[in-house]
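1 is the number of the first residue of the sequence shown in this note's numbering; add one for each residue after it. Let me begin by presenting the structure, written as structure tokens, before commenting on it.
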Amino acid sequence: MPLTPQQIEQLNQLADIQLPEPIGWWPLASTWWIMITLIGVIIVGAIWVYFEQKKRNAYRVEAQALLDDIMQKSTEQMDNSPSQKILEINRVLKQVALTAYGRVQVAQLNDQAWLNFLKEKASYIPQPDHLIEHLRLAYQPPAQDTSALKQQYEQLNEWHRYAQKWIKGHHQ
């Protein structure tokens with residue numbers, strides 16, 4: 001049905017629909033402030049935990065560096081024998097244990113009790129068989145023949161690998 005002229009005139013008098021101003025973001029609702037605060041607290045907390053963990057594990061990084069230095073030392077800097085290096089690695093392990101667990105628990109340990117302690121504090125790290133023999137090698141003179149010397153170096157490398165894993169993975 002077509003519009004009459006009177007209807008058209010009335011329609012022309014109508015004004016366009018006026019939309020209200022859009023609702024602004026500012027000031028934020030209290031829920032947004034709570035969310036922003038919580039996110040800020042979580043971020044600050046995560047950063048704090050990260051740096052605390054890094055500070056608590058600084059002794060591990062230092063011990064790993066000492067182990068690397070021991071293995072790379074040349075003959076001029078120290079006795080290059082495997083027994084001397086095993087003794088030095090054991091000293092570093094003992095220092096790490098003293099730092100982590102205290103003098104009362106660690107200072108009196110030696111031989112099998114020391115190895116049992118190492119196993120107890122990092123039970124998920126497999127302890128090589130005959131580790132006590134590797135440890136006792138530290139108190140023996142260097143081998144004279146090449147096959148025995150080669151075996152001593154293999155024991156040294158096994159002791160070194162175990163020490164690295166233990167320092168990295170022991171739990172407190």
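Backbone N, C-alpha and C define an ideal beta-carbon position, used for all residues, glycine too.
Distance check for E52 and P82, CA to CA, integer angstroms please. 37 Å
When you compare the stretch 96-112 with the stretch 147-160, are there three or more beta-carbon pairs, one atom per stretch, that lie closer than 8 Å? no
Tell me whether P5 sits in a helix, a strand or coil according to DSSP, three-state version. helix
Among residues of its own chain, excluding the 5 on either side of L137, which ones have a beta-carbon nearer than 7 Å to its beta-carbon? P82, S83, I86, Q152 and Q155
Local conformation of K54 per DSSP, three classes: helix
May I ask you to report which of helix, strand or coil DSSP gives D68? helix
Return the Cβ separation of Y59 and T31 in integer angstroms, given the expectation that the two are a contact with Cβ distance under 8 Å. Incorrect: roughly 45 Å between the Cβ atoms, too far for contact.
Let me know the secondary structure DSSP gives L28 once reduced to three states. coil
What did DSSP end up calling Y162 once you bin it into helix, strand or coil? helix
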